[in-house]
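Everything below concerns the one structure shown next.
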Amino acid sequence: MSMKRLMTSVMAGGLALMMTVPAQARDFRLGLITPPPHRWTQAAEAFAEDVKQKSGGEHSIAVFPSQQLGNEAQMVQQLQTGALDMAFLTVAEISNRVPDFGALYAPYLVDNIDQAAALLKSEAATDLLNQLPSEAGLVGVGYGMAGLRQVMSRDTLEGPSDLEGKKLRITPFEPIRDFYKATGAAPTPMPLPAVYDALANGQIDAIDMDFDSILIFKFYDRSDKMLISNHMMFPMVGVVSGRVWKDLSKEDRKLLQTSMRAQLDAVIDHFQALEKKQEQELRGLDITIHEATREDFADAIAEWEGIWSEKAPSLPKLRKAVAEIKGS
Ligand code: 3HB
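When you line the sequence shown up against mature numbering (1 follows the signal peptide of the UniProt record, and there is no 0), it's residues -25 to -1, 1 to 303, in that order.
Have a look at this one:
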């Protein structure tokens, strides 16, 4: 075929495609750092399936788990330019850009997973999302979460004083870094997918983690002392790129919002329902377990408050919401 005829037929093909596919059909991409077995990834897949069905096959969402598109900092950059459409991000990365989100990581802000779930569904927490378009170029659709944070270590871990000098893996964000620094540990920032190998090769002594991921990744194979501390909640946020959002029709915005919110709520419900069962499962394994409370961490908490009460002005509002949740 001559080049001219080839071009003509390609153009005709393109034209036919434009006539049969409605102009607003979109192939979205959603990135996240968790691996396929993690509940967040399953929620992303369910969201993609729901949007495909509800749009009558018009829209598709390709899900990229396990940090395939880069770490969270890189994904936020892609979201800001519009190169990436959506993501499920730990609030950790969000708090690096909008420090007020650090309020959600106040140590012992909540006493248990039920209060964490209620707080993330509250108006006070939802209001925080209004800062995202102007401060980060993102539209915050809603919260998900993982379980409360615990500590695992290779060596003795009977209480907070055993953290002194330990190289302790943290998710890379400032509020948790400041908390562990205050305990005397040496916090080592590292994204979730890198943790198992770092424990295996001795790069770190201990980790900050949730029950669910301890079970999924079998971290207890490499660190068999656990401190059940429940010291922090671990919110996630579902976001759409602000650049992508502004070009979407009203109907498409509503579809994405409704469908994503339903999945995020289901993630919260999942972790809420499973926390106790997962704790029991871990208690049934051959690992050494101790417990720690807010009182055991009192000094570290006071130091944390000194730093973050100024950086995170929404803290009193969240505390008030928690007080209401406890009273209801
Ligand atoms: C983490 O420990 O950094 C992490 C845990 C999760 C999900 C995402 C990140 O369960």
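For glycine and all other residues, C-beta sits at the position ideal for the given N, C-alpha and C.
As DSSP reads the structure, H265 sits in a beta bridge with L202.
According to DSSP, D185 shares a beta bridge with R124. In terms of Cβ geometry, I189 and L257 form a close pair [threshold 8 Å].
E24 and T131 have their C-alpha atoms roughly 46 Å apart. For I145, the enclosing beta strand (DSSP E) begins and ends at K142 to I145. Straight through space, the alpha carbons of F246 and A99 are spaced by roughly 21 Å.
Looking only at M50, L94 and P82, the smallest Cα-Cα distance to F272 is reached by P82. Scanning the region 48 to 116 for uninterrupted beta strand (DSSP E) segments of 3 residues or longer gives 61 to 65, listed from N- to C-terminal end. Rounded to whole angstroms, the gap between the alpha carbons of F148 and A48 is 11 Å. Pairing T263 with K193 gives a Cβ-Cβ distance that is not under 8 Å. Taking R269 as reference, the option from G115, T158, G140 and D172 with the minimal CA-CA separation is T158. Taken through DSSP and simplified to helix, strand or coil, M207 comes out as coil. At least one heavy atom of the ligand 3HB sits closer than 7 Å to the Cβ of L167. Its chain contains F76, L79, P210, M211 and V212 as the residues whose beta carbon lies nearer than 7 Å to that of V66, once the 5 sequence neighbours on both sides are disregarded; these appear in chain order. A distance of 8 Å or more separates the beta carbons of R144 and A121. Ranked by how close their Cα comes to the Cα of R72, the residues G117, E110 and L54 have E110 in first place. C-alpha of Q28 to C-alpha of S35: approximately 9 Å in a straight line. Around the beta carbon of K141, a 10 Å sphere encloses 16 or more other beta carbons of the protein chains shown; the residue is thus reported as buried. Separation of R236 and V116 (C-alpha to C-alpha, rounded to the nearest whole angstrom) is 7 Å. The shortest C-alpha to C-alpha distance from R228 to any of Q238, L239 and V215 is the one to V215. In the structure shown, the three-state DSSP call for P168 is helix.
Of D102, A37, H13 and V114, the smallest CA-CA separation from S289 is found for D102. Apart from sequence neighbours up to five positions away, the residues of its chain that approach A296 with a beta-carbon distance below 8 Å are L94, S97, E98, A99 and A100, ordered along the chain. Of the candidates A267, G31, S234 and A62, A62 places its Cα closest to the Cα of Q43.
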